[in-house]
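K.L.:
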Amino acid sequence: MRTFVIFLSLLFLVGCNSNSLRVYQPQTQASPGFPKFWYQGKAELAYYEGKQSRYGYQRDARAILITVSEPFDSRVQVKSDAEDGNDYPVLKCNLVNRFNTGVYDYSVMTSSFTPINTEQRFPVAKITSSVQDWCGQTFTQANRSSGKMDLSLFSYFEKEQQGRFFIEADLFWDEVFALLRMNPDILPTGDVTLALGLDQYRYLHRGFFTETVFAEWIRKDKEATYSLKSENFHFTWRIEDKAPYPILGWSIDYLQDGKVLENRSSAFELQSAKWLEYWNKNSPEFEELRIQMGLRFFEN
């Protein structure tokens, strides 16, 4: 059942209170092998290809997921330039998605910042998302504040304009990518109040709402699938079931009367992955690395 957001003088308040939210605690801290992979001074670059649903059609799409640990300033919620006792480590996930819609194209980027120290775990600290197409652009930023997410929206659409919103949820779609890499056991199961991906709200051109989903793990051989399903949506992530838990793919399905709306389904599959200090590889000679990974974002 959906919890819809009520509009009040540019302020959206989620129509549920904190008592309706399931407070879950992680079963374990980050997996034992976490430091080996995520504290080596490199980022993981994972390249995906698949289909992105937009305007009732499935579009060829390409995505790259950049995952890296970094210090995070607790006061202003940005990357910390100097360790001064106010920062803590987060796992940052930058998901870049590009696809064409007829003659014009879309570029979407979402960043999530999720605390690593699970003994002090609270939900994702910050999410930002920008959507650009030839009509214009939107930008949404969500910051953790007093147990809620404080969202600011800026849009070129008149009906959206700009505004400030608050939303409460057990889990945010955008933070699942980081939690999978940290330790899959951190993710909740059973009935969960879910906030959709920030870009998904923009595709729907609706106010922010939460969805009650049933969360479960499906394990087979050396893979595991995390599933979130409701009457209206079905989200899945498929991972390799051992550290560092590579994300092999994910899918987004819209449901109607229990059936998948095929033209509204999106799915991505891993093509290649590489651990790299990409921030030091910005001269022309390193374009060869794009060829090695099969990146096809800027083909003529």
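All letters in the sequence shown, in the order written, are residues -20 to -1, 1 to 280 by mature numbering (1 follows the signal peptide of the UniProt record, and there is no 0). Idealized CB from N, CA, C, for every residue including glycine. Computed from a predicted structure; not experimentally measured.
If we count the other Cβ atoms within 10 Å of its Cβ and call it buried at 16 or more, is residue 83 buried or exposed?
P.N.:
exposed
K.L.:
Among 152, 221 and 171, which one has its Cα closest to the Cα of residue 205?
P.N.:
221
K.L.:
Quick one: residues in its chain with C-beta nearer than 6 Å to the C-beta of residue 234, no 5 flanking neighbours on either side, listed in chain order?
P.N.:
Answer for residue 234: 241 and 244, listed in chain order.
K.L.:
Quick one, are the C-beta atoms of residue 151 and residue 168 less than 8 Å apart?
P.N.:
yes
K.L.:
Within the continuous beta strand (DSSP E) that includes residue 39, where are the two ends?
P.N.:
Boundaries of the beta strand (DSSP E) harbouring residue 39: 37 to 53, taken from the DSSP string.
K.L.:
Quick one: does residue 268 have its CB under 8 Å from some CB of chain D?
P.N.:
In the displayed structure, chain D is absent; only one protein chain is listed.
K.L.:
Taking C-beta to C-beta, are residue 28 and residue 251 nearer than 8 Å?
P.N.:
yes
K.L.:
What are the boundary residues of the alpha helix (DSSP H) that residue 259 is part of?
P.N.:
Counting along the chain, residue 259 falls outside any alpha helix (DSSP H), and DSSP gives it neither H nor E.
K.L.:
What are the boundary residues of the alpha helix (DSSP H) that includes residue 18?
P.N.:
14 to 18
K.L.:
If you draw a straight line from the C-alpha of residue 16 to the C-alpha of residue 22, how long is it?
P.N.:
11 Å
K.L.:
So, for residue 72: in the same chain, excluding its five sequence neighbours on each side, which residues have a beta-carbon less than 6 Å away from its beta-carbon?
P.N.:
48, 50 and 93
K.L.:
Excluding five sequence neighbours on each side, which residues of the same chain lie with their C-beta closer than 6 Å to the C-beta of residue 112?
P.N.:
87
K.L.:
Suppose the cutoff is 6 Å on Cβ atoms and the five residues either side in sequence are ignored; what does the same chain contact list for residue 78 look like?
P.N.:
42, 87 and 277
K.L.:
With a CB to CB cut of under 8 Å and the five nearest residues on each side skipped, what residues in its chain are close to residue 227?
P.N.:
26, 45, 157, 160, 161, 217, 218, 219 and 250
K.L.:
Where does the unbroken alpha helix (DSSP H) through residue 113 begin, and where does it stop?
P.N.:
Element bounds for residue 113: not the alpha helix (DSSP H) but the beta strand (DSSP E), 106 to 113.
K.L.:
What whole-angstrom Cβ distance do residue 128 and residue 147 have, given they're in contact under 8 Å?
P.N.:
7 Å
K.L.:
So, helix, strand or coil for residue 142, using DSSP?
P.N.:
When DSSP states are grouped into helix, strand and coil, residue 142 belongs to the strand group.
K.L.:
Apply the 10 Å Cβ neighbour rule to residue 37 and answer buried if 16 or more other Cβ atoms are within range, or exposed otherwise.
P.N.:
exposed
K.L.:
Let me check one thing: in DSSP terms, what residues is residue 117 bridge-paired to?
P.N.:
112
K.L.:
For residue 156, report the span of its alpha helix (DSSP H) as first-last.
P.N.:
156 to 162
K.L.:
State the DSSP-derived secondary structure class of residue 269, mapped to helix, strand or coil.
P.N.:
The three-state secondary structure of residue 269, taken from DSSP, is helix.
K.L.:
Taking the beta carbon of residue 266 as the centre, do at least 16 other beta carbons fall within 10 Å, making it buried, or is it exposed?
P.N.:
exposed
K.L.:
Using a Cβ-Cβ cutoff of less than 6 Å, which residues in the same chain neighbour residue 32 once the five nearest sequence positions on both sides are dropped?
P.N.:
39, 41, 79 and 246
K.L.:
If you drop the 5 nearest sequence neighbours on each side, which residues of the same chain put their C-beta closer than 7 Å to that of residue 260?
P.N.:
none
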